[in-house]
Amino acid sequence: MTHLNELEAESIYILRETAAQFQRPAILFSGGKDSIVVTHLAYKAFYPAKLPFPLVHIDTGHNFKETIEYRDNLVKKLGADLIVGSVQESIDKGRVKEETGYNASRNALQTTTLLDTIESNKFDACIGGARRDEEKARAKERIFSHRDEFGQWNPKNQRPELWNIFNGKKNQGEHFRVFPISNWTEMDVWQYIYKEKIELPSLYYTHTRKCFYRDGQWLAAEDCIKRRPEEEVVEKQVRCRTIGDITCTGLTLSTAHTIEDIIAETAATRVTERGGRADDKRSETAMEDRKINGYF
Amino acid sequence: MANGYLDMQLLRFTTAGSVDDGKSTLIGRLLYDSKSIFEDQLEAVEQASKSRGNEDVNLALLTDGLKAEREQGITIDVAYRYFATPKRKFIIADTPGHIQYTRNMVTGASTADLAIILIDARHGVMEQTIRHSYIATLLGISRIVVCVNKMDLVDFSKDVFDKIIVDYKEMSKHLDIPDTDFIPISAKNGDNVVNKSDNTAWYTGKPLLEYLETVEIKKSENQEFRMAVQYVVRPISDKFADFRGYAGRIAQGVLHIGDKIKVLPSGTVSTVKGIYNGTQELNEAQEGESVNITLNDDIDISRGDYLVADDGNLPKVDNLFVLNICWFNTTPMQLRKKYIVRHATQEVQGLFTAIDFKTDISTQEKIHEVNELQLNDIAQVQLKTANPLVFESYKQNKVLGSLIFVDPFSFETVGAGMII
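Going down the list, the sequences are from chains A and B.
Every letter in the first sequence is one number past the one before it in the numbering used here, and letter 91, counting from 1, is 510.
Every letter in the second sequence is one number past the one before it in the numbering used here, and letter 123, counting from 1, is 131.
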């Protein structure tokens with residue numbers, strides 16, 4: 420077996436365990452390549468039956484329009500159910516308070532919307548596309564990762580996970596996050612997209628976009644990011660290496676037109692994909708801190 | 009280009025080591041020299057090293073990801089690390105070496121094909137070396153590679169290296185040790201890690217990375233088909249009105265269209281009609297693949313049942329077991345208390361009827377007349393389950409021979425067992 424076949428087989432096994440062990444599992448769908456791959460794997464795991472999971476999208480209201488288009492097309496193609504949790508709604512209801520200033524982002528606010536969506540839909544397992552190679556706190560995350568009643572992750576008291584035996588037992592009000600592609604790297608994901616000919620949002624390929632430069636990276640010049648007077652808007656050939664919402668997605672200068680181009684670029688690159696994520700740069704343990712509170 | 013990377017093999021290995029034997033440095037070195045560390049990661053580690061007052065870049069900070077670990081300078085939990093060379097993709101389960109983290113070592117070893125054991129050349133074979141080897145053996149790892157580290161501090165002496173080999177073989181002879189190889193290295197300076205070192209002209213073997221790239225990955229020795237049914241795929245559509253697929257991951261052997269199979273525990277027999285991976289129809293599938301199988305007869309099969317080859321040996325079906333267990337919880341294991349037992353895709357209630365003996369993890373001596381097991385204890389026990397399980401010994405097949413214990417109230421995973 421090749422490494423991609425083995426990774427695929429492991430992920431499909433995990434997705435089937437999730438469907439078997441939980442009452443109301445759902446896929447957390449961001450429109451990024453990782454959640455697209457997870458959705459593709461889930462489609463394969465249960466074919467020819469319908470996807471046994473709805474797709475849940477936590478919409479910050481600051482999404483690229485390409486992401487939303489892609490999401491709606493995919494949902495139609497798969498005949499899947501879509502549930503949208505709106506951060507704007509959480510703000511309007513006073514559940515969270517919007518950040519202000521130049522680096523304002525709704526990234527952290529998503530956690531509240533996510534936990535509210537989980538609770539109101541009674542989801543007991545949320546399947547995510549997080550990978551252990553992404554970030555140091557994620558390297559220690561379990562595949563079946565327990566969350567308490569408050570949606571919190573306790574990194575110091577995680578259940579041991581042995582062989583391929585997953586323990587999804589929980590008490591009322593608790594839930595699990597399930598990470599079927601934990602053992603994949605960024606390169607594995609791209610190779611798999613290539614091998615399976617998976618369609619992606621156009622944002623991943625090179626395109627001309629109005630951008631501005633801040634703190635060592637290019638950001639999209641859209642209304643949801645407040646620009647400083649000296650931050651000049653220019654047109655650049657860019658693509659996204661990861662897709663979050665507009666405020667925290669760094670753009671890579673690139674001329675990659677095809678998946679092959681992207682694989683070559685990924686192989687040559689010297690910075691991690693989360694290196695372009697403003698949300699991780701806030702402190703040395705920014706990811707661990709957010710995860711403890713219930714973040715993706 | 010792209011195609012060149014699509015057919016790599018995957019090797020999973022585990023590392024165990026204590027604070028000062030250079031385990032994190034070795035992993036950092038493998039990641040760094042194979043260019044799996046990116047500039048921003050290195051920058052972050054350089055900054056973190058500086059703020060902690062380390063003079064050199066502390067590569068250990070790459071693997072110790074949790075706040076508590078970085079503060080205390082130790083590895084607490086199992087960390088999974090990834091790197092690839094053009095030949096193979098590697099998954100490292102990096103585990104702490106202290107005796108109080110035995111459960112983490114056991115966890116890391118459970119999915120590994122190979123174990124790296126580190127010895128500090130200045131100190132030679134220690135109690136912990138043998139303890140780590142014992143755990144690797146217990147978890148059925150088929151190959152151990154002993155890295156004698158810090159060779160630079162013993163002037164790359166062949167005599168020191170040779171003596172460690174002799175000592176290791178002598179001190180581990182009571183263990184059922186699999187194939188073992190020895191490599192003299194300096195993780196800090198990179199000797200024999202990625203490139204062969206000029207400092208050890210007397211060493212004729214491969215450097216560690218080349219060793220890992222070429223070492224044979226063993227599969228199950230037996231070849232009879234085995235698969236636990238995970239999920240029954242029943243589409244509600246006119247196009248697939250009669251489709252009933254039994255989904256699972258093949259635990260052993262090869263399956264072909266037309267093969268005769270037996271369903272356990274019922275004993276019903278049928279033949280294979282179709283094998284699917286997603287939308288793709290296959291003629292055969294092998295160990296490790298996740299498939300969806302249709303049969304020529306309409307029979308009652310559900311999650312927890314097994315599909316097995318109808319010829320040759322059959323797995324056993326019983327509710328009494330002898331097994332080795334490792335206890336994972338601060339609440340002791342009690343005899344006669346009911347636990348939830350999870351075994352492949354089956355779940356039953358079980359209770360321990362006897363502790364045959366506990367093994368002293370440091371000396372591997374047997375301790376008799378024990379009534380309960382504490383966190384990190386390893387013991388041979390007798391288990392009784394409410395319903396029979398379909399199983400084989402852990403030696404014969406890891407999937408059919410392994411199980412975990414779940415506390416019926418906290419639902420924590422409190423122990424792991426390997427059927428003898």
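Idealized CB from N, CA, C, for every residue including glycine.
Item checked: Selected residue, minimal CA-CA separation from Q288 of chain B, among A:P467, A:Y489 and A:V456 -> A:P467
Note to self: Threshold first: 4 residues or longer. Then list the alpha helix (DSSP H) segments lying entirely within the stretch 519-566 of chain A, N to C.
What the structure shows: 529-540
Notebook entry, point to check: Who are the neighbours of F465 of chain A on chain B, taking C-beta pairs under 7 Å?
Noted result: V241
Notebook entry, point to check: Out of curiosity, what's the CA-to-CA distance linking P620 of chain A and T279 of chain B?
Noted result: 43 Å
Next item on the list: Measure the beta-carbon distance from Q529 of chain A to T479 of chain A and round it to whole angstroms, keeping in mind my assumption that it falls under 8 Å.
Entry: 6 Å
Check: At least one CB of chain B closer than 7 Å to the CB of H757 of chain A: is that the case?
Finding: This structure gives no information on residue 757 of chain A, because the portion of chain A shown stretches from 420 to 715.
Note to self: Rounding to the nearest angstrom, what Cα-Cα distance links A117 of chain B and R525 of chain A in this structure?
What the structure shows: 41 Å
Note to self: For L638 of chain A and G669 of chain A, which I take to be in contact (beta-carbon distance under 8 Å), what is that distance rounded to the nearest angstrom?
What the structure shows: 7 Å
Margin query: Helix, strand or coil, according to DSSP, for D163 of chain B in the structure here?
Written below: coil
Next item on the list: Can you tell me which of the three DSSP states F465 of chain A falls into?
Entry: helix
Next item on the list: Output, in sequence order along the chain, the residues in the stretch 87-103 of chain B whose CB is closer than 9 Å to any CB in chain A.
Entry: A87, Y88, R89, Y90, F91, A92, R96, K97, I99 and D102
Checklist line | Per-residue DSSP class, three states only, for E289 of chain B | finding: strand
Next item on the list: Specify the secondary structure class of H351 of chain B as computed by DSSP and reduced to three states.
Entry: strand
Margin query: Rounded to whole angstroms, what is the Cα-Cα separation between T23 of chain B and E420 of chain B?
Written below: 25 Å
Item checked: Local conformation of M420 of chain A per DSSP, three classes -> coil
Item checked: Contact set between M235 of chain B and chain A, taken where Cβ atoms lie within less than 7 Å -> Simply none; closest approach about 11 Å.
Item checked: Stretch-stretch touch, CB-based, cutoff 8 Å, three pairs: the stretch 255-264 of chain B with the stretch 330-344 of chain B -> no
Check: Is the beta carbon of V153 of chain B less than 7 Å from the beta carbon of A129 of chain B?
Finding: no
Checklist line | Near the ligand MG: S42 of chain B beta-carbon under 6 Å from a heavy atom | finding: The model on display carries no ligand, and the ligand MG is accordingly not part of it.
Check: What in chain B is Cβ-close to E580 of chain A, meaning under 7 Å?
Finding: T115
Next item on the list: Just the C-alpha distance for K31 of chain B and M179 of chain B, rounded to the nearest angstrom, thanks.
Entry: 22 Å
Check: When the cut-off is 7 Å and only beta carbons count, does A387 of chain B lie next to chain A?
Finding: no
Margin query: Relative to the C-alpha of L147 of chain B, which candidate in B:N300, B:P416 and B:S410 has its C-alpha closest?
Written below: B:S410
Checklist line | Residue-chain proximity (L18 of chain B, chain A), Cβ-Cβ < 7 Å | finding: yes
Note to self: I'd like to check one pair, P473 of chain A with I502 of chain A: are the Cβ atoms closer than 7 Å?
What the structure shows: yes
Next item on the list: Can you have a look at S44 of chain B and say buried or exposed, based on whether 16 or more other CB atoms are within 10 angstroms of its CB?
Entry: buried
Check: What separation, rounded to the nearest whole angstrom, lies between the Cα atoms of Y714 of chain A and K516 of chain A?
Finding: 17 Å
Check: Which one of A:I678, A:A439, A:E554 and A:D500 has the shortest CA to CA distance from V53 of chain B?
Finding: A:E554
Notebook entry, point to check: In its own chain, which residues sit with a C-beta less than 6 Å from the C-beta of Y142 of chain B, not counting the 5 before and 5 after it?
Noted result: L183 and Q372
Note to self: If you measure between the beta carbons of I363 of chain B and V389 of chain B, is that distance less than 7 Å?
What the structure shows: yes
Item checked: Any chain B beta carbon closer than 7 Å to H422 of chain A -> yes
Note to self: Any beta carbon of chain A sitting closer than 7 Å to that of E377 of chain B?
What the structure shows: no
Next item on the list: Have a look at R633 of chain A and C667 of chain A and give me their C-alpha separation to the nearest angstrom.
Entry: 12 Å
Notebook entry, point to check: Can you find a C-beta in chain B that's less than 7 Å from the C-beta of V475 of chain A?
Noted result: no
Checklist line | Euclidean distance between Cα positions of I309 of chain B and V271 of chain B | finding: 8 Å
Next item on the list: Just the C-alpha distance for P94 of chain B and F169 of chain B, rounded to the nearest angstrom, thanks.
Entry: 31 Å
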